[in-house]
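Residue numbers (the working numbering): 668 to 803.
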């Protein structure tokens with residue numbers, strides 16, 4: 668198990684940690700590190716998703732242009748993490764959600780599905796944590 672930083676990244680009252688074995692919404696960065704979102708104890712009634720990408724991850728120029736057009740104010744890789752978490756929560760392939768986001772905009776896509784997204788800051792990673800009400 669990898670050691671977590673002293674001040675874990677926080678979102679929705681929970682935290683993102685490095686942990687090879689903990690259950691929960693997880694994402695592997697391109698170096699193979701496994702990041703896990705640990706919801707707060709008050710998180711009942713929500714489903715969560717996590718995506719983590721290293722900021723130095725190379726991105727195809729064509730995909731970068733598409734992602735930049737979706738949100739010119741955000742780094743293209745951060746926009747990708749937002750699409751990934753929505754795809755995980757909706758159980759849809761990310762490339763299909765990317766097409767839908769091109770048609771209706773990324774904020775509209777998330778809002779229509781009831782998804783809330785947080786992008787906690789980190790010096791080396793783009794991180795998106797998303798949640799949706801759990802109907803169960």
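Backbone N, C-alpha and C fix where the C-beta goes; we use that ideal spot for every residue, glycine too. None of these values were measured; they are calculated from a predicted model.
Assign residue i to one of two classes, buried (16 or more other C-beta atoms within 10 Å of its C-beta) or exposed (fewer than that).
{"i": "residue 797", "result": "buried"}
{"i": "residue 724", "result": "exposed"}
{"i": "residue 754", "result": "buried"}
{"i": "residue 740", "result": "exposed"}
{"i": "residue 668", "result": "Residue placement at residue 668 is poorly supported in this model, since its pLDDT is 45, which falls under 50; the coordinates are not used for a value here."}
{"i": "residue 706", "result": "buried"}
{"i": "residue 751", "result": "buried"}
Less than 8 angstroms between C-beta atoms, sequence neighbours within five positions excluded: which residues of the same chain meet that for residue i?
{"i": "residue 677", "result": "683, 787"}
{"i": "residue 742", "result": "722, 793"}
So if DSSP puts residue i in a beta bridge, which residue, or which two residues, is it bridged to?
{"i": "residue 792", "result": "721"}
{"i": "residue 679", "result": "In the DSSP output, where bridge partners are listed per residue, residue 679 has none listed."}
{"i": "residue 800", "result": "713"}
{"i": "residue 766", "result": "The partner list for residue 766 (beta bridge, DSSP) is empty, contrary to what the question assumes."}
{"i": "residue 701", "result": "695"}
If residue i and residue j are in contact, beta carbons under 8 angstroms, what's the gap, nearest whole angstrom?
{"i": "residue 744", "j": "residue 793", "result": "5 angstroms"}
{"i": "residue 692", "j": "residue 717", "result": "4 angstroms"}
Within a Cβ cutoff of 7 angstroms, which residues of the same chain sit near residue i, ignoring the five residues on either side of it in sequence?
{"i": "residue 694", "result": "702, 717, 718, 719"}
{"i": "residue 777", "result": "753, 784"}
{"i": "residue 791", "result": "721, 722"}
**Asked** Can we say the region 720 to 740 touches the region 762 to 780, given the rule of at least three CB pairs closer than 8 angstroms?
**Response** yes
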